[in-house]
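Worksheet for the structure shown next.
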Amino acid sequence: MESVLEQSVAANPELFCPAVFGRAVHALSRVGDELWLDPTVKGLALRSVNSAQSAYACFIFSPLFFQQYSFMGCVPKQSSKTSLLPLFRCLTSIERNVECCQISYAPNPLKRPFLLAGITKTHNLRFQEKEALQAEFASHLCTNVLKAPARFFGEGIFLSRSTDRKANMSTFHFS
Numbered sequence: 525m526e527s528v529l530e531q532s533v534a535a536n537p538e539l540f541c542p543a544v545f546g547r548a549v550h551a552l553s554r555v556g557d558e559l560w561l562d563p564t565v566k567g568l569a570l571r572s573v574n575s576a577q578s579a580y581a582c583f584i585f586s587p588l589f590f591q592q593y594s595f596m597g598c599v600p601k602q603s604s605k606t607s608l609l610p611l612f613r614c615l616t617s618i619e620r621n622v623e624c625c626q627i628s629y630a631p632n633p634l635k636r637p638f639l640l641a642g643i644t645k646t647h648n649l650r651f652q653e654k655e656a657l658q659a660e661f662a663s664h665l666c667t668n669v670l671k672a673p674a675r676f677f678g679e680g681i682f683l684s685r686s687t688d689r690k691a692n693m694s695t696f697h698f699s
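Below, the structure is given as structure tokens:
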């Protein structure tokens with residue numbers, strides 16, 4: 525069971541956004557202490573839930589976000605936010621210096637190589653195999669649905685600061 529994700533600036537210079545992935549990790553770390561990485565056929569899902577299970581958040585990165593994405597029935601992985609956050613500590617530095625980011629799932633520890641100006645850094649992370657995290661709620665009781673282009677949500681995440689504790693969204697009906 526192996527899944528390989530790779531994003532490279534050489535292949536997709538306009539799509540290479542390590543800061544987007546990093547901001548998703550930062551946003552999910554505000555929701556809960558544990559992060560789930562769930563590779564699926566539809567893409568890589570990053571999920572988090574708080575300890576009281578009253579808040580749930582999920583980011584799904586499409587296979588098109590990555591230069592290479594292969595999924596072979598990999599089991600979802602769970603990690604504490606303290607192991608992932610140091611990798612994305614300074615997002616502006618990552619965006620300027622990282623040329624390639626590769627995530628590989630294998631029976632051995634997860635390896636995250638970063639290619640910085642010809643220098644490769646590899647981070648070995650420990651993950652626990654867990655069942656996929658899914659939100660449990662009755663969809664027929666949710667009368668409001670918020671749909672918007674990905675760019676709208678991306679700008680909201682990009683403009684948020686790490687010191688922000690919550691984000692509010694307002695909708696208006698223009699007649």
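In my numbering, the protein residues as written are 525 to 699.
Glycine is no exception: its CB is placed at the ideal position from the N, C-alpha and C atoms.
The structure displayed is predicted, hence computed values, not measured ones.
Exercise for the section: From the DSSP output, in three-state form, read off Glu679 for me. Expected result: Taking the sequence shown and counting its residues from 1, the one referred to as residue 679 is at position 155. Reduced to three states, the DSSP call for Glu679 is helix.
Exercise for the section: May I ask which residues mark the beginning and end of the beta strand (DSSP E) holding Pro563? Expected result: In the sequence shown, residue 563 corresponds to position 39, counting from 1. Where Pro563 is concerned, the enclosing beta strand (DSSP E) stretches over Glu558 to Thr564.
Handout entry: Val565 versus Cys582: straight-line alpha-carbon distance, rounded
Key = Your numbering for residue 565 matches position 41 in the sequence shown. Your numbering for residue 582 matches position 58 in the sequence shown. So the alpha carbons of these two residues sit roughly 16 Å apart.
Problem - Candidates Asn574, Phe585 and Arg554, of which the one nearest Val544 by Cα - result: Locating residue 544 in the sequence shown gives position 20, counting from the first residue. Each of Asn574, Phe585 and Arg554 was checked against the Cα of Val544, and the nearest Cα belongs to Phe585.
Handout entry: Chain-order list of residues whose beta-carbon lies under 6 Å from that of Pro587 (same chain, five-residue window excluded)
Key = Position 63 of the sequence shown holds residue 587. Only Gly567 and Tyr593 meet the Cβ criterion.
Practice task
Would you kindly check if the distance between the Cβ of Gly546 and the Cβ of Leu615 is under 7 Å?
Solution key: Sequence index remark: in the sequence shown, residue 615 carries index 91 (1-based). Sequence index remark: in the sequence shown, residue 546 carries index 22 (1-based). One thing to note: Leu615 has its Cβ within 7 Å of the Cβ of Gly546.
Problem - Alpha carbon of Glu558 to alpha carbon of Pro542, nearest angstrom - result: Position 34 of the sequence shown, counting from 1, holds the residue named residue 558. Position 18 of the sequence shown, counting from 1, holds the residue named residue 542. Near 21 Å, if we compare the C-alpha coordinates of Pro542 and Glu558.
Exercise for the section: Go ahead and pull the three-state DSSP assignment for Arg554. Expected result: Residue numbering aside, residue 554 sits at position 30 when the sequence shown is read from its first letter. It is helical.
Practice task
Alpha carbon to alpha carbon, how far is Asp562 from Ser575? Give it in angstroms, no decimals.
Solution key: Your numbering for residue 575 matches position 51 in the sequence shown. Your numbering for residue 562 matches position 38 in the sequence shown. So the two alpha carbons sit approximately 19 Å from each other.
Problem - Alpha-carbon to alpha-carbon, Tyr580 and Gln591 - result: In the sequence shown, the residue the question calls residue 591 occupies position 67. In the sequence shown, the residue the question calls residue 580 occupies position 56. The straight-line gap separating the alpha-carbon atoms of Gln591 and Tyr580 is approximately 28 Å.
Problem - Inter-residue CB distance, Ser578 and Leu552 (contact presumed, cutoff 8 Å) - result: As a working note, residue 578 is residue 54 in the sequence shown. As a working note, residue 552 is residue 28 in the sequence shown. That pair is no contact at about 15 Å.
Exercise for the section: Look up Arg613 in the DSSP assignment and say whether it is helix, strand or coil. Expected result: Here residue 613 refers to the residue found at position 89 of the sequence shown. Three-state result, Arg613: coil.
Practice task
List the endpoints of the continuous beta strand (DSSP E) containing Leu570.
Solution key: Position 46 of the sequence shown holds residue 570. Segment Gly567 to Val573, the beta strand (DSSP E) holding Leu570.
Problem - Inter-residue Cα distance where the pair is Lys635 and Arg554 - result: Position 111 of the sequence shown, counted from the start, is the residue given in the question as residue 635. Position 30 of the sequence shown, counted from the start, is the residue given in the question as residue 554. Low local confidence applies: a pLDDT of 48 at Lys635 is under 50, so the model's placement there is unreliable, and no value is given.
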